[in-house]
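Have a look at the structure below before the remarks.
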Amino acid sequence: DAIKVLNKINESDSFSRHLPILHLVTYAYSSDEKVQMVMMKKGVNVNIQNQYGATALMYLAHHPKSIASVNALIHAGAKIDAQDNYDHTALMIAAKYGHVACMAALIETGANLDLQDYYGQTALMASVATGTQFSPLSASCAPAVKLLIEAGANIHLQDKSGETALTLAADQGQTESVQALIAAGANLNVQTNHNGDTALIYAARWSRNDTLKALIDAGADLNLQDDDGNTALMLTAMNGHTECVKALTDAGADLNLQDKDGKTALMWAVMTGKFESVKALIDAGADLNLQDDDGNTALMLTAMNGHTECVKALIAAGANPNLKNKKGETAMMIARETGKIHIIDALAVGIASESVKAIFTAKDDKTKWTDESDLMKAVREDDHYACRELLKNGANINRCNKEGYTALDIAIMSGHFDIIKEMMCYEINPYHLMKSIRLAVENSKYHNIVPLLFTPKIIGIMLRQQPNAIAWARKHNCAAAVFALSDGQITLNPEHPEAIISTQPKAPLTHSTGQPNQNQPTAPRPFP
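Residue 566 is where the sequence shown starts when you use our numbering, and the numbers rise one by one after that.
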């Protein structure tokens, strides 16, 4: 029957409005060698197009077992790079459906790898954009992606929206494809035209944990902001993806960047009531008292939204309940306006606690509460024993005072070597540790402390996030920093190579079993 149909193959008849006879026959009998032989002998016009411009070769590209007919059509003179009304080619279609054998046949015949469709997408982009964020067409598009990369597809092309193969793969959570594109040299930090999204932002938004980690390990910029000022950390925090939050803070993401409305990752987490993300950001040392463009703090925002556990966590971590927004409102006033009794009760505890602190820290009624933790006070007093006990019992080593200094910063400025060594036995948030290193490196009077601050982990993060770190250390004439960052390969004074003193145990110490580990890592500020 198929052969009889082929006798009419060049007629304009069709079995439907949209499907010329050739398309139907080659698709339905895609593995019938007799049909293929007759097609070739009769000199059939294999480039007939339907009303959408699709050819038989394009139809076969959808079919997972069509390789025999694909080869037959190619040998019969099918135009490899023919494009339909939307500029799709057979290679793009085969790539979208992951039909690697069909792709290989087309590539071997000389298919153009970098043709772009109406939307600017290439076969490589089609291979990773398989489905939606929630329902991919295939479990893995990696074989198709690798085939195209090996064949020489341009990995840097962008479609009309500014998407690259990497951003699309990250959006889909196609980790193996992301890794293949990274290995091929894809630009990690390309931002799309429509919203300024990056591959990292996509992975964070959709909680693509493995994809996110692959991008972090490859050195993606953790702090790029989209057109609304959102960072990857903000987007994953507002969606409550705690594992992604921790991965970003551990890698050194800036905790306190603000979006176009002045909101931070912590503010977004409390507004959406993502308690675990709130805890992770607090433990990492996020600034609790930053204010957005309306003067609202994280505490005010969570009071507005009625998230009691978030209020309690912020109060326990030392958030100031008495700050006012631009309307002159405190968190308590906001809670009263909204009538949320449970929030009012939680805030009352915080206000009472602050009042007690103010009484006991005042001196002649002239000194207000300084917002310093017990650990900071112990450091100022050079009380090594108190510091040790506080750290063992869960003191937050990442907490900042109103001036933005941590306990480690205070120890550096006070020159308390033993306390610094003690603190370096704990896992300090990289964002804060790098800030402490910058403090020591950029002030020559603290250069003798610099060797105590470098660990293999922090060196790796600094070099990954700031490739000019060695030049920065040279600029400040800090021999110990140059030596550490170059792994001992560069010394400012070759006659006296600087020995980097390691104060780290084999594994960072955690706090007491009754307390969560407060020492999570976050992001470096740019070096000058």
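Where a beta carbon is used, it is the ideal one built from N, C-alpha and C, also for glycine.
9 Å or more divides the Cβ of residue 660 from the Cβ of residue 622. Close CB contacts of residue 911 within its chain, under the 8 Å cut and outside five residues either way in sequence, are with 873, 876, 877 and 880 (chain order). Judged by DSSP in its simplified three-state form, residue 991 adopts strand.
Setting aside the 5 residues that flank it on each side, residue 805 is surrounded in the same chain by 839 and 842, each with a C-beta closer than 6 Å to its C-beta; the list follows chain order.
Approximately 6 Å separates the beta-carbon atoms of residue 617 and residue 649; this is inside 8 Å, confirming the contact. In the DSSP assignment, residue 1021 falls within the alpha helix (DSSP H) that extends over 1021-1030. Here residue 948 carries a coil assignment [DSSP, helix/strand/coil]. Residues of the same chain with a CB within less than 8 Å of the CB of residue 1023, apart from the 5 flanking positions on each side, are 995, 998, 999 and 1002 in chain order. Rounded to whole angstroms, the gap between the alpha carbons of residue 904 and residue 887 is 19 Å. Counting only runs of 4 or more residues that sit fully inside the region 697-742, the alpha helix (DSSP H) segments are 707-716 and 730-737, in chain order. The shortest C-alpha to C-alpha distance from residue 892 to any of 858, 718, 800 and 654 is the one to 858. Looking at the backbone, the Cα of residue 770 and that of residue 949 are separated by about 43 Å. For residue 962, the closest of 991, 986, 980 and 1045 by C-alpha to C-alpha distance is 991. Straight through space, the alpha carbons of residue 852 and residue 657 are spaced by roughly 48 Å.
Closest in C-alpha terms to residue 788, from the list 761, 1044, 773 and 807, comes 761. Per DSSP, residue 1046 is one residue of the alpha helix (DSSP H) stretching across 1044-1050. For the 9 Å CB-CB criterion, residue 791 and residue 1030 do not form a contact. A direct Cα-Cα distance of roughly 18 Å separates residue 947 from residue 1018.
For residue 814, the uninterrupted alpha helix (DSSP H) run begins and ends at 807-816, by DSSP.
With a cutoff of 9 Å on beta-carbon distance, residue 987 and residue 956 are scored as near each other. Residue burial is scored here from C-beta neighbours: residue 759 has fewer than 16 other C-beta atoms within 10 angstroms and is therefore classed as exposed.
With 16 or more other CB atoms across the displayed protein chains lying within 10 angstroms of its CB, residue 1014 is buried. Ranking 795, 802, 793 and 751 by CA distance to the CA of residue 784 puts 751 first.
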